[in-house]
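Inspection log for the structure reproduced underneath, given as structure tokens.
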Amino acid sequence: MSDEMTDAQKEAFAAKLRREVGNTGTPTTARDPVNQPMIRHWCDAMEDANPLYTDPDAAKRGPHQEITAPPAMLNAWTMIGLVPRVSDPEDPASGVYAMLDEAGYVGVVATNSEHVYHRYLKLGDHLTGVVKLVDVSDEKQTALGIGHFVTTETEYHDQHGNHVGSMFFRILKFRPGTGRTAGAIDGDSTTERPPRPRPSRNQNTDFFWQGSRGGELRIQQCLDCQRLQHPPGTRCPGCGATNMGHTVACGKGALYSYVVAHHPRVPSFDYPLSIGLVELEEGVRLVSNITDCGPDQLKVGMPLEAWHMQTHEDVSLPVFRPARLPRNLTTLAFDDVNVGDELPLCPIPLTPTLIVSTAIASRDYQDVHHDRDMATKKGSEDIFMNILTSSGLSARYVGDWAGSDAVFKNLKIRLGAPNYPDDCMTMSGSVTAKREADGEAIAEISFQGRNSRGPHVTGTVDVALPRA
Amino acid sequence: MTLKYAYHSAIAGIGATPFTKDSGRTPMDQAVEACLAACEDAGLPPEKVNGMVTYSAEQNPEIEVARNLGVDELTHFSMVHHGGGAACGVIAVACQAVYSGAADYVLCYRAFNERSWHRFGAGVQDRPAGAEATEVSFSWSSPFGLVTPASWVAMFATRYMHEFGATTEDFGRVSVVDRAFAATNPYAHFFQRPITLEDHQNSRWIVEPLRLLDCCQETDGAQALLVTTAERAKDLKQKPAVIASAAQGAAEDQHMMRSYYRDSITGIPEMGLCAHQLYQSSGLSADDIQTAIIYDHFTPLVLPQLEEFGFCQRGEAKDFIRDGHLERAGRLPINTNGGQLGEAYIHGLNGIAEGVRQIRGTSVNQIGNVENVLATAGTAVPTSALILSQPN
Ligand SMILES: [Zn+2]
């Protein structure tokens, strides 16, 4: 067993792994050419609505004049698929993985992915990838466990032998149960929290709590003059009627004011605690929590959308998260973008469906992305998002802001806290550089996606923008 | 409508216990001591008192205080609503009582162990659910963790900063002014402990945008004031502080500390209502006020109070403050006792006592040529204010 290895044995093992460094594997040709069904499946799963990927008419008017694959799909095309894994003796990476598995480092998590795109892939393009092992690290203690980082570089060529892109990729192979937090009691997640203060209610306000229990944000409305009122009263302040009903708010609003509470700490809440005064599109305001973004990301005026948080068996509270803005339908011009510009926040609720469907759409059949039992056996708390999806969602985020015609030149990400189900990842970003290169006008966007545990994805992307 | 009791009454006596963090005594003990001290200060035998006014959150019933003072007959007694918002309201009600003949000598008091017993800053986190309107009103904020006075005020502060470009430093400057006066007031908790703006900026967050040094203290102690007619006051021991006017105000769509639903939340319309009544009934204006006690439970709401009383235009309090006008040599030195951040937090009553001292000329931080002193009460709740003037 590797935990019983002496330092000398460890060194010998690392040296054995490293002997493979510099070797390249046999070229792997994609099972299928670039095709519309796989693209559509990807776009559906990632909720990427850029029409250049699926709508031939829109694509014809776009920068490529025809349908292209989302660039972040680059390594999806040559993924092995749901077939038994046969270790390729020629492939130095899979050889190293097998050696690590055998030595007990069966946990696997991808940590870095850097794509470079020389051109967008068109329907019918048939990709071949060649993997080169570029590094195997010494044994490291990481938060997840003791393991080795394995770094590869893959070059992708089309059916004509033209170089279309490349990928720098790093994974951690680790021994489950050897993480820094293994066995330790995490105060916040395991301590039983007392419930929040229970809303007091009576006949004047029951409608509100009945509504929120069922996922509706109800606002009191005068049935005579239609005037809205919150908090509810017994009589219309506009016309004096006592004929009061309610309307169901659309759930969209903007942050009118906010506070971030630090002290004193009430045990029912997590601190720092963001509390907002939200002005609904319907015109009334209410106090609520602003979830799924850091206190430092709050801004008066930011668009919000409601969701309902269950706090007691029979109580749900209407709370708010940053609103996902509609896609930008007119691509930003290079001159309209300035260094320092901030991208709007974008929440991505991490449903099990999202995690599983995106893994499959990116042809990543590793069990840790869809099978909870296997995921926990391999040292994870639950199934978690695969790295190709983190790339895809990052690209969607930047693309939705920049517009359909922005052309991705590269996409570099680093992963941190895993994206587990039933959390929410909120994307933020800003323009960090502008430059002209090879006749193209390039904006560099730095972005981050944070979930409740911390940053999940941090990265940069270069996009070419039209000049006007 | 105009207040008929303008210039009719006066504060004839003031009395207080030491202000501490752990009195080691009951609030009742302290209430009685402060009331006796106010009578002593005025030279009035306590048995002559026949009116008593206090305000909500007071836990020492006036009848028990009266029993301990040796007062046999009370012909006026009342409890004014809304805690610190009633600090000047108790004086207004006392004025009404002596103007109407309901009482001759009225004691107004506040006594508590707000630090060593129940901590006021803890807020309403432990209130049980209930169906009464008071409890139901908390359901629009408490389930979200908005449970403390600091958090209620912070919501106004963020919006004020957003609309007018004020910064947390502008709030800090109020704190620095208070602490500068406290530093030279031996009665103040923070005697000889002034702070700098840097100290303020380095103090920890309580509820952003409020830092520790934006928040008043919690104090054990008591303060009492004796109100009678200006005529009777002439026969007592001290120079009367004539009550030019005293008024209460609650404005449209008023909520307790959380009037967040009005078209604008950067002003304090209930304080504007007080200002209007005071100026109209007294014939005075901002130009006639030399110094003021501006209620400072939390610094941000000092700014709109200056605007409501016309010391500066709306949104310009930050400039007024940056120009040093609240300081010792400024246009309007405020809270010369150190305020509730520097001296003690007796829900505004200790500030009114300082106003009396400014009229008498006996403040440790005496301002020159004081004709009229403004005092205000707790903000964000239904509130009150008064102007004290020199006797003729
Ligand atoms: Zn109506």
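Residue numbers (our numbering), protein chains in the order written: chain A, 160 to 627; chain B, 1306 to 1697. Backbone N, C-alpha and C define an ideal beta-carbon position, used for all residues, glycine too.
Kindly indicate which residue of 1653/B, 1594/B, 1665/B has the alpha-carbon position closest to the one of residue 1679/B. As a working mapping, residue 1679/B is identified with position 374 in the second sequence. Nearest of 1653/B, 1594/B, 1665/B to residue 1679/B, Cα basis: 1594/B.
If you reduce the DSSP assignment to three classes, tell me which class residue 291/A lands in. Translated into positions along the first sequence, residue 291/A becomes position 132. Looking at residue 291/A - three-state DSSP - the assignment turns out to be strand.
Could you say which of 459/A, 334/A, 405/A, 620/A lies nearest to residue 265/A if we only look at CA atoms? Position 106 of the first sequence, counting from 1, holds the residue named residue 265/A. The option with the nearest alpha carbon to residue 265/A is 334/A.
Go ahead and pull the three-state DSSP assignment for residue 1733/B. Residue 1733/B lies beyond the residue range present for chain B, which begins at 1306 and ends at 1697; the question has no answer from this structure.
Taking 6 Å as the cut-off, is the C-beta of residue 400/A nearer than that to any heavy atom in ligand 1? Here residue 400/A refers to the residue found at position 241 of the first sequence. At least one heavy atom of ligand 1 is nearer than 6 Å to the Cβ of residue 400/A, so yes.
For residue 494/A, does the three-state DSSP call read helix, strand or coil? Indexing the first sequence from 1 puts residue 494/A at position 335. Here residue 494/A sits in helix by DSSP.
Name the chain B residues that come within less than 7 Å of residue 620/A, Cβ to Cβ? What you label residue 620/A is simply residue 461 of the first sequence in a count that begins at 1. From the beta-carbon of residue 620/A, no residue of chain B is found nearer than 7 Å; the closest lies around 32 Å away.
Mind listing the chain A neighbours of residue 1565/B? Cutoff is C-beta to C-beta under 9 Å, in chain order. Counted from its first residue, the second sequence places residue 1565/B at position 260. Going along chain A in sequence order, the residues near residue 1565/B (Cβ under 9 Å) are 415, 416, 436, 444, 445, 446.
Proximity of residue 1391/B and residue 1335/B at Cβ, strictly below 7 Å: Residue 1391/B sits at position 86 when you count from the first residue of the second sequence. Residue 1335/B sits at position 30 when you count from the first residue of the second sequence. No; because the gap between Cβ atoms is not below 7 Å, this pair is not in contact.
Output needed for residue 629/A: all residues of its chain with C-beta closer than 6 Å, excluding positions within five of it in sequence on either side, in chain order. A question about residue 629/A goes unanswered here, because the residues of chain A that appear run from 160 up to 627.
Would you check if the distance between the CB atom of residue 356/A and the CB atom of residue 1447/B is smaller than 7 Å? Translated into the one-based positions of the first sequence, residue 356/A becomes position 197. Translated into the one-based positions of the second sequence, residue 1447/B becomes position 142. Yes, the pair counts as a contact, with Cβ atoms nearer than the cut-off.
Name the DSSP beta bridge partners of residue 276/A, please? By one-based count along the first sequence, residue 276/A stands at place 117. Residue 276/A is bridged to 324/A.
Under the assumption that residue 1643/B contacts residue 1484/B (Cβ atoms under 8 Å), give the Cβ distance between them as a whole number of angstroms. Along the second sequence, read from residue 1 onward, the residue named residue 1643/B stands at position 338. Along the second sequence, read from residue 1 onward, the residue named residue 1484/B stands at position 179. The Cβ separation is near 7 Å, so the contact holds.
Please list, in chain order, all residues of the same chain as residue 504/A whose beta carbon is under 8 Å from its beta carbon, the five residues on each side excluded. What you label residue 504/A is simply residue 345 of the first sequence in a count that begins at 1. Hits under 8 Å: 452, 456, 461, 481, 585, 586, 587.
Please list the partners that residue 1464/B has in chain A, where partner means a Cβ-to-Cβ separation under 8 Å. Position 159 of the second sequence holds residue 1464/B. The contacting residues are 415, 416, 436, 459.
Can you list, in chain order, the stretches of the alpha helix (DSSP H) that have 4 or more residues and sit fully within the region 1464-1519 of chain B? 1473-1488, 1502-1507
Bridge-paired residues (DSSP) for residue 621/A: What you label residue 621/A is simply residue 462 of the first sequence in a count that begins at 1. In the DSSP output, where bridge partners are listed per residue, residue 621/A has 569/A, 603/A.
Using the DSSP secondary-structure output, state which residues sit across from residue 1553/B in a beta bridge. Looking up residue 1553/B in the second sequence gives position 248. According to DSSP, residue 1553/B bridges with 1689/B.
Assigned exposure category for residue 292/A - 16 Cβ within 10 Å defines buried: On the first sequence, residue 292/A is found 133 positions in, with the first residue counted as 1. Flag for residue 292/A reads buried.
Under a three-way DSSP split, which group does residue 574/A fall into? The residue given as residue 574/A occupies position 415 in the first sequence. Three-state result, residue 574/A: strand.
Could you pull out every unbroken beta strand (DSSP E) segment of at least 3 residues lying fully inside the region 464-538 of chain A, listed in chain order? Counting only runs of 3 or more, we get 474-481, 501-509.
Pull up the distance between the alpha-carbon of residue 1398/B and that of residue 1359/B, whole angstroms please. As a working note, residue 1398/B is residue 93 in the second sequence. As a working note, residue 1359/B is residue 54 in the second sequence. Each residue's alpha carbon lies about 10 Å from the other.
Listed by chain order, chain A residues near residue 1453/B by CB distance under 8 Å: Along the second sequence, one-based indexing puts residue 1453/B at 148. The contacting residues are 420, 423.
Looking at the unbroken beta strand (DSSP E) that takes in residue 1384/B, where does it start and where does it end? Taking the second sequence and counting its residues from 1, one reaches residue 1384/B at position 79. From DSSP, the beta strand (DSSP E) with residue 1384/B extends over 1381-1385.
What do you reckon, is the C-beta of residue 1558/B under 6 Å from a heavy atom of ligand 1? Along the second sequence, one-based indexing puts residue 1558/B at 253. No.
Cutoff 7 Å: residue 187/A Cβ touching any chain B Cβ: For the purposes of this step, residue 187/A is taken as the residue at position 28 of the first sequence. False, the Cβ-Cβ gap to chain B never drops below 7 Å.
Along the alpha helix (DSSP H) that carries residue 432/A, what are the first and last residues, could you check? If you number the first sequence from 1, residue 432/A lands on position 273. Looking at the DSSP string, residue 432/A is not in any alpha helix (DSSP H); the run it does join, the beta strand (DSSP E), is 432-439.
Buried/exposed call for residue 344/A, threshold 16 Cβ in 10 Å: In the first sequence, counting from the first residue as 1, residue 344/A sits at position 185. Residue placement at residue 344/A is flagged as unreliable, the pLDDT there being 38, under the threshold of 50; the coordinate-derived value follows with that caveat. Exposed: under 16 other Cβ atoms inside 10 Å.
Quick check: is the beta carbon of residue 1383/B nearer than 7 Å to any beta carbon in chain A? Within the second sequence, the letter at position 78 stands for residue 1383/B. Not one chain A Cβ lies under 7 Å of residue 1383/B.
Using 6 Å as the cut-off, classify the Cβ of residue 397/A as near or not near the heavy atoms of ligand 1, replying yes or no. Position 238 of the first sequence, counting from 1, holds the residue named residue 397/A. Because some heavy atom of ligand 1 lies under 6 Å away, the Cβ of residue 397/A counts as near it: yes.
Taking the beta strand (DSSP E) that residue 695/A belongs to, which residues open and close that run? Coverage of chain A is limited to positions 160 through 627, which leaves residue 695/A absent and any answer about it impossible.
Sequence-distant residues of its chain with Cβ nearer than 8 Å to residue 1624/B (five each side left out): Along the second sequence, read from residue 1 onward, the residue named residue 1624/B stands at position 319. Counting only Cβ-Cβ distances below 8 Å, and skipping sequence neighbours, we find 1617.
Go through its chain and collect everything with a Cβ distance to residue 1514/B's Cβ below 8 Å, but skip five positions before and after it. Against the second sequence, residue 1514/B aligns to sequence position 209. For residue 1514/B, where only same-chain residues beyond five positions count, the Cβ hits under 8 Å are 1459, 1462, 1463, 1466, 1473, 1476, 1605.
7 Å is my cut-off, CB to CB: does residue 535/A come that close to chain B? Looking up residue 535/A in the first sequence gives position 376. It does not; no Cβ of chain B falls within 7 Å.
Report the partner residues of residue 377/A according to the DSSP bridge assignment. As a working note, residue 377/A is residue 218 in the first sequence. Residue 377/A is bridged to 407/A.
Just curious, the beta strand (DSSP E) that residue 306/A is in, first and last residue? The residue given as residue 306/A occupies position 147 in the first sequence. Taken as a continuous stretch (DSSP letters only), the beta strand (DSSP E) holding residue 306/A covers 305-316.
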